[in-house]
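Note that full-length UniProt numbering has the sequence shown beginning at 1, numbered continuously upward.
Step one of this worksheet: look at the structure below.
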Amino acid sequence: MNQLRPSVIVAAATPKAIAEQLRQAVEQAKWQTGRITVSVGIASAIKTDNETIILQRADKALYASKENGRNRITHSIDLTSI
Numbered sequence: 001m002n003q004l005r006p007s008v009i010v011a012a013a014t015p016k017a018i019a020e021q022l023r024q025a026v027e028q029a030k031w032q033t034g035r036i037t038v039s040v041g042i043a044s045a046i047k048t049d050n051e052t053i054i055l056q057r058a059d060k061a062l063y064a065s066k067e068n069g070r071n072r073i074t075h076s077i078d079l080t081s082i
């Protein structure tokens, strides 16, 4: 994986909003194979986090999206166990 750029700071709402636009676009699209949906897990990072920690947060958020009904976006900051 490429080095993360610690100088880039993104507001937590921005990735969630982008993911929601993607989720809606996929859900509303006409697919030959039937209905397709998207579940997304998003993680925030602080300077002391390494790649493994960030990916673990994103993975837990993704599983939370799937466990809570799929076709949704979950941000790691919304989970109390992370």
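Glycine included, C-beta positions come from ideal geometry on N, C-alpha and C.
Using CA coordinates, which residue listed in the options is at the minimum distance from residue i?
i: residue 39; options: 14, 78 and 19; result: 19
i: residue 42; options: 68, 63 and 29; result: 63
i: residue 61; options: 54, 75 and 50; result: 75
i: residue 37; options: 27, 31 and 46; result: 27
With DSSP collapsed to three states, give me the class of residue i.
i: residue 42; result: strand
i: residue 14; result: helix
i: residue 52; result: helix
i: residue 73; result: strand
i: residue 80; result: coil
i: residue 64; result: helix
i: residue 32; result: coil
Could you name the residues of the same chain whose beta carbon sits closer than 7 angstroms to that of residue i, not counting the 5 residues immediately before and after it, in chain order?
i: residue 66; result: 39
Just confirm the distance between the C-beta atoms of residue i and residue j, as a whole number of angstroms; I'd bet it's less than 8 angstroms.
i: residue 23; j: residue 73; result: 6 angstroms
Starting from the C-beta of residue i, find all residues in its chain whose C-beta is less than 8 angstroms away, skip the five residues before and the five after it, and write them out in chain order.
i: residue 68; result: 74
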